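Residue numbers (the working numbering): 23 to 282. Backbone N, C-alpha and C fix where the C-beta goes; we use that ideal spot for every residue, glycine too. Predicted model only: the values in this text are computed from it and were never measured.
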Amino acid sequence: MGNAREYDSFKTQEGEEIYLYQATNYDGEWNDNYARHPIYCPECGNALLRFTSKTSNHCAFLSSMPIPPNPEHNRDCSHRYKPISKRGAREFYNTCNHEQAVDKINACINLLKRRNFIPATGDENNQPHRPHLTVRRLVNGRERRCRLRTRSFYSIYKLEEEDIGFPIVFYGRVYLSVDSLESKSMDHHRFNVIKVHSIYKENRLLQSLYFGDNTINGLEKEHAYLFAMIGVPERNGNYINVKFYNRDYTLYRIEEPDQD
Ligand SMILES: [Zn+2]
23 MGNAREYDSF
33 KTQEGEEIYL
43 YQATNYDGEW
53 NDNYARHPIY
63 CPECGNALLR
73 FTSKTSNHCA
83 FLSSMPIPPN
93 PEHNRDCSHR
103 YKPISKRGAR
113 EFYNTCNHEQ
123 AVDKINACIN
133 LLKRRNFIPA
143 TGDENNQPHR
153 PHLTVRRLVN
163 GRERRCRLRT
173 RSFYSIYKLE
183 EEDIGFPIVF
193 YGRVYLSVDS
203 LESKSMDHHR
213 FNVIKVHSIY
223 KENRLLQSLY
233 FGDNTINGLE
243 KEHAYLFAMI
253 GVPERNGNYI
263 NVKFYNRDYT
273 LYRIEEPDQD
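If you want it as structure tokens, here you go:
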């Protein structure tokens with residue numbers, strides 16, 4: 023499948039960003055609106071993407087050829103570079119400083135924004151232009167750029183066993199609410215969860231995120247927000263759930279979308 027799991031969205035010739043989720047029907051087939059038009063990388067808008075319909079073996083997916091490193095993408099497009107390994111991702115998030123972690127979240131929010139770009143935080147010398155989804159890693163003694171994993175909340179249902187324990191930046195244009203729940207354990211302690219809902223399909227719950235004693239004030243119901251977080255998939259019974267990568271130190275960003 024190559025880089026089949028890298029893309030959750032694409033850009034049209036007009037530069038509009040469309041989630042794969044919006045472009046497929048319930049059978050995982052390509053929506054007629056986009057069937058006969060070229061589609062492009064959501065980040066650089068330059069490399070052509072290809073759509074593959076759902077089969078009994080896999081969900082519908084988008085891919086670009088050749089698999090990375092792929093020079094059809096712009097030089098600063100993260101899809102030009104190979105995805106980071108599981109171990110590499112853990113090492114990066116466990117050793118990066120606060121600004122570097124925030125930058126990865128900002129880079130994902132920027133993917134969702136049309137105009138009001140969020141600039142890099144931290145040291146100007148190390149990050150001279152903008153937040154990046156790539157990091158430099160030593161691979162077989164040579165320094166290479168690797169792409170950090172990202173997933174939209176709309177493809178969260180496609181998480182697999184191999185994703186478990188792998189830090190990923192999750193992002194999307196969603197509805198958000200904070201809910202208080204009571205634990206089923208003996209002490210019945212209360213805790214909060216962030217509920218992430220789809221703005222596209224009847225408010226469907228995409229994910230509940232354990233939020234402990236934290237809360238977020240001022241969230242409006244059925245108001246679309248841009249939300250990004252560093253999460254890690256964990257097995258929970260028959261399901262795979264996403265948790266904040268570091269429970270004691272939740273890292274996320276909520277932004278208002280740009281007005282059309
Ligand atoms: Zn690209």
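Taking 8 Å as the cut-off, the Cβ atoms of CYS63 and CYS99 count as close.
By the Cβ-count criterion, SER177 is buried, with 16 or more other Cβ atoms from all chains shown falling within 10 Å of its own Cβ.
One thing to note: ARG257 has its Cβ within 8 Å of the Cβ of ILE186.
Listed in chain order, the alpha helix (DSSP H) runs fully inside the stretch 218-266 amount to none, counting runs of at least 4 residues.
Within 7 Å of the C-beta of GLU204 there is not a single heavy atom belonging to ligand 1. By alpha-carbon distance to ARG195, the top candidate from THR172, GLU277, ARG212 is GLU277.
DSSP places GLY194 in the strand class (E or B) of the three-state scheme. Nearest in C-alpha terms to TYR274, of all of GLU224, PHE249, PHE188, is PHE249. CA-to-CA, the gap between ASN116 and ASP54 works out to about 44 Å.
The three-state secondary structure of LYS33, taken from DSSP, is strand. Out of GLU39, HIS245, GLU165, ASN225, the CA that lies nearest to the CA of ARG137 is found in GLU39. Comparing C-alpha distances from LEU134 to each of PHE192, HIS219, ILE216 shows the shortest one belongs to PHE192.
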